[in-house]
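This report concerns only the one structure given below.
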Amino acid sequence: MAYPTEQPAGPSQPPEGPEPGVPVAPGPLGSVTDWRQWLRMEGPPRPWRRSLAAGAGAAVAIIVLGVLLGLLWAWLAPAVPVINGGDAGVLVTDPSPEQYIAADGWFTLLGLGFGLIVTVGSWLVLRRDRGPYLLFGVVGGAFVAGRWVAPAVGEWLGRDAYDHWRETAAQGATYLAPPELQSLGPKLVPAFIAAIVLTLLAGWSNDPDLDHPGAHPGYGANYGYPPYTTDPAVPYPPADYAPPAGADRYAPPAGTGPYVPPAGAGPYVPPAGADSYVSPAGARPSSPPVGADSYEPPAGAEPRTPPAGAGEGGAVLETPPREGPAGQGTRLGGDA
1 MAYPTEQPAG PSQPPEGPEP GVPVAPGPLG SVTDWRQWLR MEGPPRPWRR
51 SLAAGAGAAV AIIVLGVLLG LLWAWLAPAV PVINGGDAGV LVTDPSPEQY
101 IAADGWFTLL GLGFGLIVTV GSWLVLRRDR GPYLLFGVVG GAFVAGRWVA
151 PAVGEWLGRD AYDHWRETAA QGATYLAPPE LQSLGPKLVP AFIAAIVLTL
201 LAGWSNDPDL DHPGAHPGYG ANYGYPPYTT DPAVPYPPAD YAPPAGADRY
251 APPAGTGPYV PPAGAGPYVP PAGADSYVSP AGARPSSPPV GADSYEPPAG
301 AEPRTPPAGA GEGGAVLETP PREGPAGQGT RLGGDA
């Protein structure tokens, strides 16, 4: 079942007939296009203006949410204790301050969570408009929010009061300066996380292609196949299933049902000119089964004459004597 946000972004009907220039191979279920059908887009392309609007809207929303990231960072990051050194300017009271490192660390952790949340939220809301425009919009919005918006908002809070203290404070006075980001790396974390998470979400999606979101995984075009089930008690495809008009004909996977020959196919007929089976030269004829009638030679064959002295069935009853070598006398049949 497809969720409402997974429905196709616009009407997408399959083209009637094969694409020009793509050969059609005959099959038992009708004409089926060759392997190049997997590389071409089915139906009219998605309107690029809608995809562009979705990507731009996601970018603007993420940039605005960067304000919240800056406010949260300013609240969690520790302030830096400083002292007015007079002619030496404002100095840090601690010779090895950890507040600067802590400020960068807090922004890195918050940027990681920020990138993850805005990316997953954009996917759940705009997954039917996913594609390169949405990817550029989410990553670009996270980049602007982490690189400029959030640091500017976080460092701006309390900046006026800090500047006023620097102008009016006496020498030796102390103050807690607002946090500042010291490196560029933490500012790029939201965009980095957004690019990885959105790519993984698109790769793990169960939608076979970009133009038919919400469809079930299957063989070939989405619109030509029924939902697949792993229940062995449910036949697949359903008996009452029929593909939409104009869709490619459905070919069930191997082993899903008995073979049905095409309509009008008759019994097997050997090729023209093929002779009947002929026993190899010298092969003895087989004996008829028990209870079968006596052997009848083929029509036109000469009857076999049993050897002299043979009894019924061709059995030799007595072997006539024959002369042996000189001096050995007369021998009976056999070589012994």
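Quick note, the sequence shown lines up with residues 1 to 336 if you use UniProt numbering. Virtual Cβ for every residue (Gly too), placed ideally from N, Cα, C.
A distance of 8 Å or more separates the beta carbons of P190 and F136. The count of Cβ pairs closer than 8 Å, one atom from the segment 155–172 and one from the segment 128–147, stays below three, leaving the stretches out of contact.
C-alpha of A150 to C-alpha of S205: approximately 31 Å in a straight line. Boundaries for L201: no beta strand (DSSP E) harbours it, while the alpha helix (DSSP H) harbouring it runs 185–203, taken from the DSSP string. DSSP places L157 outside any beta strand (DSSP E), giving it a letter other than H or E. Pairing A265 with P271, the inter-Cα distance amounts to about 16 Å. Sorting G89, R46, V144 by C-alpha distance to the C-alpha of V60 places V144 at the top.
Counting only the Cα atoms, V80 lies some 18 Å from A170.
Close CB contacts of I193 within its chain, under the 6 Å cut and outside five residues either way in sequence, are with L112, G115, L116 (chain order).
Its chain contains P186, V189 as the residues whose beta carbon lies nearer than 7 Å to that of T108, once the 5 sequence neighbours on both sides are disregarded; these appear in chain order. S51 is positioned such that its CB atom lies closer than 8 Å to that of Y133. Residue state for P271 is assigned as coil, using DSSP reduced to three classes. Membership of V60 in the alpha helix (DSSP H) is indicated by the continuous run 48–76. DSSP places V138 in the uninterrupted alpha helix (DSSP H) bounded by 132–144. For the 8 Å CB-CB criterion, L65 and L110 do not form a contact. Every alpha helix (DSSP H) stretch that sits fully inside the segment 77–136 and reaches 4 residues is listed by chain position as 99–126. Here W156 is exposed. Its C-beta has fewer than 16 other C-beta atoms within 10 Å. At least 8 Å separates the beta-carbon of A74 from that of G146. The straight-line gap separating the alpha-carbon atoms of G158 and A58 is approximately 30 Å. In this structure, V120 places its C-beta atom within 8 Å of the C-beta atom of V197.
Minimum Cα-Cα distance from P179 among the listed residues P298, W106, A263, I63 corresponds to W106. When the five nearest sequence neighbours on each side are left out, the beta carbons in the same chain lying within less than 6 Å of the beta carbon of Y175 are those of V82, W165, in order along the chain.
Where A299 is concerned, there is no enclosing beta strand (DSSP E), because DSSP gives it neither an H nor an E.
Rounded to whole angstroms, the gap between the alpha carbons of V125 and V118 is 11 Å. If you draw a straight line from the Cα of V90 to the Cα of I63, it comes to about 34 Å.
Of the candidates L181, A233, T93, R49, L181 places its Cα closest to the Cα of I101.
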